[in-house]
Amino acid sequence: MSDFSFDVADVLVVGGGPVGWACALAAQIALGKRARVAVVERELSHPSAADQAEPTLASRVYTISSGNLRWLTEHGVKFDLARSAAVTDIVVSGRDGQESMRISANDAGEAELAKVLEHEALTLAISTRAQALGVQKVHGTVASLHDLDGQKLIELADRRMLNARLVIAADGMQSKLRDLSGISATAIVRSYPQQGVVAHLLCAQPHRGAARQWFLPDGTILALLPLPDVDQTAAVSMVWSVSEARADQLCTLSEADFLDAVNSASQHAAAATHRINSAQRFPLTLVRVANPVAERLVVVGDAAHAVHPLAGQGVNLGLVDARVLHDVWQHADKVGADPGHALLLGRYRRERFGPTLAMQLATDGLFRLYNQADHPFLMAAGDAGMRLLGRLPAFRRTLSTAAAQ
Ligand SMILES: Cc1cc2nc3c(=O)[nH]c(=O)nc-3n(C[C@H](O)[C@H](O)[C@H](O)COP(=O)(O)OP(=O)(O)OC[C@H]3O[C@@H](n4cnc5c(N)ncnc54)[C@H](O)[C@@H]3O)c2cc1C
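Here our numbering = 1-based position in the sequence shown + 10.
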């Protein structure tokens, strides 16, 4: 891994997840090849080409919207499509098991709404393109942040120091930079009383490009996302948002009991026959910042707005952060080619405020509506409302366009 080879970075991204690399790519493209852009990541081999040599898909996969994929491919990011599957429909069922809403790519005039991609494949594809354009990768853990004459100074845990005109904090939901910058003081960071249990499953029924989701009577939310066939057999990726106690139980069930649980919750829609990998669990956290911008610093991705995975939008929101930064940096020449100028960061804040808040309120609201096992009438009202809305073509069109953005 190369080290920091310039005195002052124009843009220094902290966090080499998919969003951090997308922001670095956006900076190098928008500010030109002479711009000094670097990504600091604490994990040494992250992401690694070796992951992509593995025949089994990695356990965490994302539905990446067509709009985000288009933006990435237009900027030269190449994906291994053999390891991805297209989502053409999103089918939502309420606690009565009835289909309450179907969102189709057709409604948005698109061939597909999204593609399902592995976390590692996505991150590797973006970082490979960014580094080919000149972005530097620095291995290190950010320990402290200081102001210094119109610049930021970052100190790494091994005492190395890095200067930057703009710091992008893309260091995930437990963001240290959010704390160091003072942005956490007015942020909401709350653990959901649920964890995400994920596993890949082989199925007897083909998925036909449908991402399916069930809001179940016990308040848990089950999603089955399309995967590419495995040895000519249909496969799906399961994300089941459940209480911690249920996550403990699911992760220790035998394969047969696990498949029984999934099949009965999903009314045998996929008819899962095998579990490809062991079940894993992830904490679910809500992060909402009042303002993602501080002097010469922007918080992006999960560090600024982690959401419940029920809408599959977490990483998509972060990729839109990168696209909007790319757009505001187009005007950098008007402010002395300064990527951290307050005028540009103010524009970024205004553009991202509404859409981010809307997605956070929608996912958190849906979670609360359906996490009411003690108030079944509220859940029933949610089912009925969703069915009613699902019948309105204009509403479906709006949702399908939003899902593909
Ligand atoms: C169960 C589950 C399922 C999900 N499913 C979906 C889905 O279907 N679709 C979707 O869009 N999203 C989904 N998400 C959300 C998705 O995982 C996140 O939105 C995404 O990982 C955020 O990317 P990021 O780059 O902001 O942060 P991260 O991926 O968390 O990356 C942060 C990076 O920063 C590095 N880092 C942290 N601190 C430091 C430091 N001090 N110094 C240096 N480096 C540091 C970390 O090592 C890490 O590499 C899901 C999440 C969960 C939990």
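Beta carbons: idealized from backbone N, C-alpha and C, even for Gly.
Computed from a prediction, not measured in an experiment: that's the story for all the values here.
Need the endpoints of the alpha helix (DSSP H) that GLU165 sits in, please. Counted from its first residue, the sequence shown places residue 165 at position 155. Run containing GLU165: none in the alpha helix (DSSP H); it sits in the beta strand (DSSP E), 161-166.
Looking at PRO349: is its Cβ nearer than 8 Å to the Cβ of ALA37? Looking up residue 349 in the sequence shown gives position 339. Looking up residue 37 in the sequence shown gives position 27. Going by C-beta atoms, PRO349 is nearer than 8 Å to ALA37.
At least three beta-carbon pairs within less than 8 Å, the stretch 229-239 to the stretch 85-103: yes
In the DSSP assignment, what residue or residues form a beta bridge with ASN301? In the sequence shown, the residue the question calls residue 301 occupies position 291. In the DSSP output, where bridge partners are listed per residue, ASN301 has none listed.
Report yes if the C-beta distance between LYS186 and ALA135 is below 8 Å; otherwise report no. What you label residue 186 is simply residue 176 of the sequence shown in a count that begins at 1. What you label residue 135 is simply residue 125 of the sequence shown in a count that begins at 1. No, they are not a contact pair.
Measure the Cβ-Cβ separation of ARG93 and ALA131 and say whether it is below 8 Å. Working through the sequence shown from its first residue, we reach residue 93 at position 83. Working through the sequence shown from its first residue, we reach residue 131 at position 121. Against a cut-off of 8 Å, the Cβ pair of ALA131 and ARG93 comes out as a contact.
Roughly how many angstroms lie between the CA atoms of PRO193 and ASN301, to the nearest whole one? Locating residue 193 in the sequence shown gives position 183, where the first residue counts as 1. Locating residue 301 in the sequence shown gives position 291, where the first residue counts as 1. Residue identity differs from the one stated: residue 193 is Ile in this sequence, not Pro. About 7 Å.
Using the Cβ count rule (16 or more neighbours within 10 Å means buried), how would you classify LEU353? For the purposes of this step, residue 353 is taken as the residue at position 343 of the sequence shown. Label assigned to LEU353: exposed.
Mind checking whether the beta-carbon of LEU123 lies closer than 7 Å to any heavy atom of ligand 1? In the sequence shown, counting from the first residue as 1, residue 123 sits at position 113. No.
SER76, enclosing alpha helix (DSSP H) - first and last residue: Here residue 76 refers to the residue found at position 66 of the sequence shown. Segment 76-84, the alpha helix (DSSP H) holding SER76.
Please report the Cβ distance between MET183 and ALA313, rounded to the nearest whole angstrom; I am assuming they are in contact, meaning their Cβ atoms lie under 8 Å. Counting from 1 along the sequence shown, the entry for residue 183 is found at position 173. Counting from 1 along the sequence shown, the entry for residue 313 is found at position 303. Right, the Cβ-Cβ distance comes to about 7 Å (below 8 Å), so this counts as a contact.
To the nearest angstrom, how far is the alpha carbon of SER76 from that of VAL126? Reading the sequence shown from its first residue, position 66 is the one you call residue 76. Reading the sequence shown from its first residue, position 116 is the one you call residue 126. In a straight line, the C-alpha of SER76 is about 10 Å away from that of VAL126.
Residues near ARG357 in its chain [Cβ-Cβ closer than 7 Å; skip 5 each side]: By 1-based counting over the sequence shown, the position of residue 357 is 347. Taken in chain order, the residues that qualify are VAL338.
Label ILE178 either buried or exposed according to how many other C-beta atoms from any shown protein chain fall within 10 Å of its C-beta, with 16 as the threshold for buried. Translated into positions along the sequence shown, residue 178 becomes position 168. Buried, since its Cβ has 16 or more Cβ neighbours within 10 Å.
List the whole-angstrom C-beta distance separating ALA282 from LEU211, where the pair is believed to meet the contact cut-off of C-beta under 8 Å. Counting from 1 along the sequence shown, the entry for residue 282 is found at position 272. Counting from 1 along the sequence shown, the entry for residue 211 is found at position 201. Yes, ALA282 and LEU211 are in contact; Cβ-Cβ is about 4 Å, under 8 Å.
Would you say the beta carbon of GLU165 comes nearer than 7 Å to a heavy atom of ligand 3? This structure does not include ligand 3; its bound ligands are ligand 1.
Starting from PHE268, trace the alpha helix (DSSP H) both ways and give me its first and last residue. In the sequence shown, the residue the question calls residue 268 occupies position 258. Run containing PHE268: 265-275, per the alpha helix (DSSP H) assignment.
Check LEU155 in the structure and name its three-state DSSP category. As a first step, residue 155 is located in the sequence shown; it is residue number 145 there, counting from the start. If DSSP states are grouped into helix, strand and coil, LEU155 belongs with the strands.
Which stretch, first to last residue, makes up the alpha helix (DSSP H) that contains LEU329? The sequence position of residue 329 within the sequence shown is 319, counting from 1. Residues 324-339.
So, HIS129 versus ARG70, is the Cβ gap smaller than 8 Å? Taking the sequence shown and counting its residues from 1, the one referred to as residue 129 is at position 119. Taking the sequence shown and counting its residues from 1, the one referred to as residue 70 is at position 60. Cβ atoms of HIS129 and ARG70: closer than 8 Å.
Can you give me the C-alpha to C-alpha distance between LEU190 and GLU165, rounded to a whole angstrom? Here residue 190 corresponds to residue number 180 of the sequence shown, with the count starting at 1. Here residue 165 corresponds to residue number 155 of the sequence shown, with the count starting at 1. Each residue's Cα considered, the two are about 12 Å apart.
Taking 8 Å as the cut-off, decide whether the C-beta atoms of LEU269 and ARG285 are in contact. Your numbering for residue 269 matches position 259 in the sequence shown. Your numbering for residue 285 matches position 275 in the sequence shown. Yes.
Find the nearest neighbour of ALA321 within the set HIS278, VAL310, ARG222, ASN78, judged by alpha-carbon distance. Here residue 321 is taken as the residue at index 311 of the sequence shown, counted from 1. With distances taken between Cα atoms, ALA321 lies closest to ARG222.
Given VAL246, which residues of its chain have a CB within under 8 Å of its CB, disregarding the five upstream and five downstream residues? Residue 246 sits at position 236 when you count from the first residue of the sequence shown. Same-chain partners within the cutoff: HIS210, LEU211, CYS213, HIS217, LEU234, LEU235, PRO236, LEU237, ALA280, ALA282.
Pull the bridge partners of GLU109 from the DSSP assignment, please. Locating residue 109 in the sequence shown gives position 99, where the first residue counts as 1. Answer is SER103.
Let me know if SER110 comes out buried or exposed under the rule of 16 or more other beta-carbons within 10 Å of its beta-carbon. Along the sequence shown, one-based indexing puts residue 110 at 100. Burial call: buried.
With a cut-off of 8 Å on the beta carbons, I'd call ASN78 and ASN326 a contact; round off their distance for me. What you label residue 78 is simply residue 68 of the sequence shown in a count that begins at 1. What you label residue 326 is simply residue 316 of the sequence shown in a count that begins at 1. Right, the Cβ-Cβ distance comes to about 6 Å (below 8 Å), so this counts as a contact.
Secondary structure at MET369, three-state DSSP: helix, strand or coil? By 1-based counting over the sequence shown, the position of residue 369 is 359. Three-state result, MET369: helix.
Cα-Cα, which of ASN273, MET369, VAL199 is closest to GLN215? Your numbering for residue 215 matches position 205 in the sequence shown. The shortest C-alpha separation from GLN215 is found at ASN273.
Length of the line joining the Cα atoms of LYS43 and ARG188: The residue you call residue 43 lines up with position 33 of the sequence shown. The residue you call residue 188 lines up with position 178 of the sequence shown. Answer to the nearest angstrom: the Cα atoms are 29 Å apart.
If you reduce the DSSP assignment to three classes, tell me which class MET11 lands in. Mapped onto the sequence shown, residue 11 falls at position 1. Only weak support exists for where MET11 lies, its pLDDT of 43 falling under 50; the value from the coordinates is given anyway. Note: MET11 maps to coil in three-state DSSP.
How is VAL87 classed by DSSP in three states: helix, strand or coil? One-based indexing of the sequence shown puts residue 87 at position 77. Coil.
Output the distance between the C-alpha atoms of ASP157 and GLN290, rounded to the nearest integer angstrom. If you number the sequence shown from 1, residue 157 lands on position 147. If you number the sequence shown from 1, residue 290 lands on position 280. When rounded, the distance between both Cα atoms is 41 Å.
Could you tell me if MET171 is buried or exposed, where buried requires 16 or more neighbouring beta carbons within 10 angstroms of its beta carbon? Numbered from its first residue, the sequence shown carries residue 171 at position 161. Label assigned to MET171: exposed.
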